[in-house]
Amino acid sequence: MTLPVFERTFGAPSPPGIDAPVAAEWLVAFLRDELIVRRGIDRAVVGLSGGVDSAVTAFLCARALGPERVYALRLPYRTSHPSSLEDAQLVVEALGIHCATIDISPAVDGYLQFEPDADARRRGNVMARTRMVVLFDQSAKRDALPVGTGNKTERLLGYFTWHADDSPPVNPIGDLFKSQVWELARYLGVPQRLIEKAPTADLQADQTDEADLGITYARADAILAQLLLGFSDNQLAQRGFDPAEVALVRRRVDSTHWKRHLPTTAMVSGTAINEFYLRPVDY
Amino acid sequence: MRVALVQTKPAKGDYARNLAATGEAFAQLAEDSPDLIVLPEAALSGYFLEGGVYDVALPASEFARDLGQAWRGAGGKRADIVAGFFENDEGTYYNSALYVEVGPEGERILHRHRKMFLATYGVFDEERFLSRGRKLGTFKTRFGTMAILICEDACHAIMPALAAIKGARVLVIPSASPGRGVDRAGEGELESIAQWRDILRLAALEHGVYVIYAGLTGFEGGKGMSGSSCIVDPAGRIVVQAPAAQSCILRADLDLREVDLARARLPLLGDLGAVLPDLLLDDELPLPRRMP
Numbered sequence: 166m167t168l169p170v171f172e173r174t175f176g177a178p179s180p181p182g183i184d185a186p187v188a189a190e191w192l193v194a195f196l197r198d199e200l201i202v203r204r205g206i207d208r209a210v211v212g213l214s215g216g217v218d219s220a221v222t223a224f225l226c227a228r229a230l231g232p233e234r235v236y237a238l239r240l241p242y243r244t245s246h247p248s249s250l251e252d253a254q255l256v257v258e259a260l261g262i263h264c265a266t267i268d269i270s271p272a273v274d275g276y277l278q279f280e281p282d283a284d285a286r287r288r289g290n291v292m293a294r295t296r297m298v299v300l301f302d303q304s305a306k307r308d309a310l311p312v313g314t315g316n317k318t319e320r321l322l323g324y325f326t327w328h329a330d331d332s333p334p335v336n337p338i339g340d341l342f343k344s345q346v347w348e349l350a351r352y353l354g355v356p357q358r359l360i361e362k363a364p365t366a367d368l369q370a371d372q373t374d375e376a377d378l379g380i381t382y383a384r385a386d387a388i389l390a391q392l393l394l395g396f397s398d399n400q401l402a403q404r405g406f407d408p409a410e411v412a413l414v415r416r417r418v419d420s421t422h423w424k425r426h427l428p429t430t431a432m433v434s435g436t437a438i439n440e441f442y443l444r445p446v447d448y
Numbered sequence: 013m014r015v016a017l018v019q020t021k022p023a024k025g026d027y028a029r030n031l032a033a034t035g036e037a038f039a040q041l042a043e044d045s046p047d048l049i050v051l052p053e054a055a056l057s058g059y060f061l062e063g064g065v066y067d068v069a070l071p072a073s074e075f076a077r078d079l080g081q082a083w084r085g086a087g088g089k090r091a092d093i094v095a096g097f098f099e100n101d102e103g104t105y106y107n108s109a110l111y112v113e114v115g116p117e118g119e120r121i122l123h124r125h126r127k128m129f130l131a132t133y134g135v136f137d138e139e140r141f142l143s144r145g146r147k148l149g150t151f152k153t154r155f156g157t158m159a160i161l162i163c164e165d166a167c168h169a170i171m172p173a174l175a176a177i178k179g180a181r182v183l184v185i186p187s188a189s190p191g192r193g194v195d196r197a198g199e200g201e202l203e204s205i206a207q208w209r210d211i212l213r214l215a216a217l218e219h220g221v222y223v224i225y226a227g228l229t230g231f232e233g234g235k236g237m238s239g240s241s242c243i244v245d246p247a248g249r250i251v252v253q254a255p256a257a258q259s260c261i262l263r264a265d266l267d268l269r270e271v272d273l274a275r276a277r278l279p280l281l282g283d284l285g286a287v288l289p290d291l292l293l294d295d296e297l298p299l300p301r302r303m304p
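Keeping their order, the protein sequence lines are chains G and W. Counting in my numbering, the first sequence runs from 166 upward without gaps. Counting in my numbering, the second sequence runs from 13 upward without gaps.
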C-alpha cells in the first residue's frame, strides 16, 4: 500500500499579506492615542499627492478623528502631472475632508532660479523639502499635527527625501510594505484609480517608482520581508528569489541605513542624548 | 473568588496622574467590590521608559501604600490587589509586581515578585536598565496558593510548571506586550495576541490552574500595548477577554474548586511531579552541580 505524502512547499515568492480589518483598527487606535491622548491634538494635516499612500493615511485619519478634523493639502509644482491633483481630489470627495491647494512653484523657483544647473535629483529634493515646510506651517495654522505617509518599502529602499517625506511626527503606515498598503487601500475604500495607477514620486515628467527602483513593488516586498527576517542570499535563492533582484534590494537597504536615523552627533560626554541620556519619545 | 482586572492605559511616566486614574477605576469597582483586583505590568508608569525608569521607580512599601490609599480613597473595603511597577530597592531596580492585602486599617504586602526573564531583544531593552529577579515564589492567600509571573516569565513553559509544582492554583500574570503581526489575512487579531492566548491556555490546561492575565494597553511611541487581558479556567478555556486597544475593566467570579476537578480529569500536574526529579537530575542537563 502506498501511503499518502504530505510535504512542505514554499510556493512562489509572494509579497506579505495583511489582515486589513485588524490593521485598520490598530492604526486608528494608534492615531487616536498618539494625537489626542498623548498630544491633545485632534486635527491632522495630510499632504495628498494623489497616490495610494497618502490616500490611505487620509482614510485612516478620517476614521480616527472624523473627516471634519482632517485637512488635506494638495501641493502641486508646475511640472506635477495634472492627474495627481485630480486623484487627490477624489480622496477629498470620498471622505468629505477639508482641502486646500497651495502651488509650491513660486517658493521652489524662488530658490532654484539661483541654481539653474540643479539636476533632477536636487530639484526633486527641493520640492519635497518645500512641501515639508508648507505641511508644518499649515499644521501650525490649524493647531493640527502633520501625519506622515511614507511606507515601509520606500523607507527600506531609501526612496524618499531625508527630512522631507519622513518628517511628520507620526506615521500610521510606515511599518506596512507597499503591497500591504494597496490591500489596506482596497479594504478602506480608496478610489480604485489610485490603487491601480503606477506609483510615482511625480518629481519628474513620466517618472514611476518601479522604473526608478528597477524592480516592482511586489517583488521588492517579497524579498524585503524575507531579508528583514535574516535570510541569506543563498537561502533566498533556494526559495526561488532572483539573485540579481535580491542583490539590488539588499544594496539599497544596506546603503540607506543613515536615512532611517537622526543625524550623527559627535559624542563627547557621558550624558550624550540618545546615547547615555535615554528617554523615549513619549516621555 | 470575585476577580476584577483593570486594563490601564497610563500616561507615560506620569505616576501621580495614573494613580489618580486608577483611583477612579477603583471607585467604579468599589460599588460592587471584588476580592482580587489585578493591574498590568508597569501599570502606573507605562512600560517603555528607558532611563526614565529611574525617575519613576519607587520602593515596594510606597507602591503598596499608594495602592492601599487609592483603594480606600475610592470607598473600597477589603480587597487584595496585584499590580506591576518599577521597584527601587536601595538603588537596585527591578520590574516587580506586588500582591497586597488592603483593608480599612492599612495594607500588607503578601508577596513581591521580581521579573526573572527581562525581555532584552529587538524592541525590548529591560536588562539595560533593570536587574533580574532570582526567585519564583509561591504564596498563600485567603483564596489559596498563587504565583505571580510577569510577562516573559510566563512565556517559558517551565515557569508555570514550576509554579504549579510549588503549589500554585492561580497564576497572576501582569503583562505589557507590544502588539504585532498583521500579515496574515483573515486572522481577525494581531498574531502576538493569538500567541499569548495559546501560551496562557496551554499553561492553564496542562497544570490545572486559573490564569489571570492583565495586559497593559495604549500606544507608547508607536508601539501599541495589546491589552487583551483575560482569565483562563483550569480546563484551558477563556472565561472572559478584553479588547486590545482600550482601557477597561474585566470581571469574573471564579470557583477555585474547579482546579481540583480539572486536575482530577487531567492529572498532568501529578504526573509531572512524579517525573520531574528524574528530569532535573539528568546529568546531561546544563545545570551547575557544584560551585566551580
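The C-beta atom is built at its ideal place from N, Cα and C for all residues, glycine as well. Computed from a predicted model, the values in this text were never measured in an experiment.
By the neighbour-count definition (other C-beta atoms within 10 Å, threshold 16), F171(G) is an exposed residue.
Taking a 10 Å sphere around the C-beta of I170(W), we find fewer than 16 other C-beta atoms and assign the residue as exposed. For V418(G), none of the residues of chain W pass the 8 Å Cβ criterion, the least Cβ distance being about 18 Å. G191, V194, D195, R196, A197, G198, E199, G200, E201 and L202: these are the residues of the region 182-211 of chain W whose beta carbon lies less than 8 Å from some beta carbon of chain G, given in chain order. Contact annotation: I224(W) and V184(W) have beta-carbon atoms nearer than 7 Å. Restricting attention to alpha helix (DSSP H) runs no shorter than 4 residues, the region 41-70 of chain W encloses them at 65-68, ordered along the chain. A91(W) is positioned such that its CB atom lies no closer than 7 Å to that of G35(W). Along the region 387-416 of chain G, the positions whose C-beta sits under 9 Å from a C-beta of chain W are A390, read in chain order.
Residues of the region 185-216 of chain G that bring their beta carbon within less than 8 Å of a beta carbon in chain W comprise A185, P186, V187, A188, E190, W191, A194, F195, D198, E199, V202 and R203, in sequence order. The closest CA to that of S108(W), considering only A69(W), E117(W), D245(W) and Q258(W), is found on A69(W). Against chain W, the beta carbon of R444(G) has neighbours under 7 Å at E62, G63 and G64, listed in chain order. Here the region 338-349 of chain G lies against the region 312-328 of chain G, with 3 or more beta-carbon pairs under 8 Å apart. Using a C-beta cut-off of 8 Å, the region 121-133 of chain W makes no contact with the region 212-221 of chain W, since fewer than three inter-stretch Cβ pairs fall below that distance. Annotated three-state conformation of Y105(W) is strand, per DSSP.
Residue environment for D218(G): buried (at least 16 other C-beta atoms within 10 angstroms of its C-beta).
The beta carbon of D386(G) sits closer than 7 Å to those of P180, P181, T318, F342, K343 and S344, all from its chain and outside the five residues before and after it, given in chain order.
Fewer than three pairs of CB atoms, one per stretch, sit closer than 8 Å, so the region 406-423 of chain G makes no contact with the region 22-41 of chain W.
Linking T153(W) to H125(W) through their CA atoms gives a straight-line distance of about 15 Å.
Below the 9 Å Cβ cutoff, chain W contributes no neighbours of Y236(G), its closest Cβ being approximately 22 Å away. Proximity of G230(W) to chain G, defined by a Cβ-Cβ separation below 7 Å, is satisfied.
In chain W, no part has a C-beta under 7 Å from the C-beta of Y382(G); the shortest such distance is about 15 Å. When secondary structure is reduced to three states using DSSP, S249(G) falls in the helix class. Neighbourhood of A55(W) in chain G, by CB distance below 8 Å: empty, with the nearest CB roughly 16 Å away. Only those residues of the region 246-269 of chain W whose C-beta falls short of 9 Å from the nearest C-beta of chain G are listed: A256, A257 and Q258.
Taking a Cβ-Cβ threshold of 7 Å, none of the residues of chain G is close to G227(W); the smallest such distance is about 14 Å.
Taking CB atoms only, K24(W) has a neighbour in chain G less than 7 Å away. Under a criterion of Cβ atoms nearer than 9 Å, the residues of chain W adjacent to I183(G) are, in order, V194, D195, R196 and A197.
Taking 8 Å as the Cβ-Cβ cut-off, the region 315-330 of chain G has no residue approaching chain W. Under the three-pair Cβ rule at 8 Å, the region 157-172 of chain W does not count as touching the region 251-265 of chain W.
Looking at the DSSP output, V18(W) shares a beta bridge with I261(W). Here L299(W) is exposed: its Cβ has fewer than 16 other Cβ atoms, across all protein chains shown, within 10 Å. Within chain W, the C-beta atoms nearer than 7 Å to that of D447(G) come from K24, E232 and G233, in chain order. Contact annotation for G115(W) against chain G: no contact, minimum CB-CB distance about 34 Å [criterion: below 9 Å]. Distances from the alpha-carbon of L214(W) to those of K24(W), R84(W), A166(W) and G179(W) put A166(W) closest. In the DSSP assignment, V346(G) falls within the unbroken alpha helix (DSSP H) covering K343 to L353. G236(W) reaches chain G at W191, A194 and F195, counting residues in chain order whose Cβ is nearer than 7 Å.
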